[in-house]
């Protein structure tokens with residue numbers, strides 16, 4: 001049996017763009033925002049973006065579900 005099978009690369013999503021940080025509403029805080037990822041991988045990839053991890057000084061300090 002000879003059948004041609006095409007496999008599409010699912011890859012990883014692009015990183016967020018337009019990342020911005022400004023003084024937060026309280027002393028010692030920052031407000032971080034960005035444009036969310038628009039090129040989500042197609043199933044069966046498990047690389048789709050469901051949340052974002054925020055890092056400061058190389059340490060994960062927060063996980064948020066959206067871009068603001």
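Residue numbers (full-length UniProt numbering): 1 to 68.
Every residue gets a Cβ at the ideal spot worked out from N, C-alpha and C, and that includes glycine.
Spatial neighbours of residue i in its chain, beta-carbon cut-off 7 Å, leaving aside the 5 residues before and after
i: residue 17; result: 34 and 35
Chain-order list of residues whose beta-carbon lies under 6 Å from that of residue i (same chain, five-residue window excluded)
i: residue 52; result: 64
Inter-residue Cα distance where the pair is residue i and residue j
i: residue 32; j: residue 62; result: 11 Å
i: residue 13; j: residue 54; result: 17 Å
i: residue 26; j: residue 56; result: 18 Å
i: residue 28; j: residue 21; result: 13 Å
Boundaries of the beta strand (DSSP E) in which residue i is found, first to last residue
i: residue 22; result: 17-23
i: residue 35; result: 30-35
i: residue 62; result: 59-64
Beta carbon of residue i nearer than 9 Å to that of residue j
i: residue 19; j: residue 37; result: no
Contacting residues, own chain, Cβ-Cβ under 8 Å from residue i (five flanking each side not counted)
i: residue 60; result: 53 and 54
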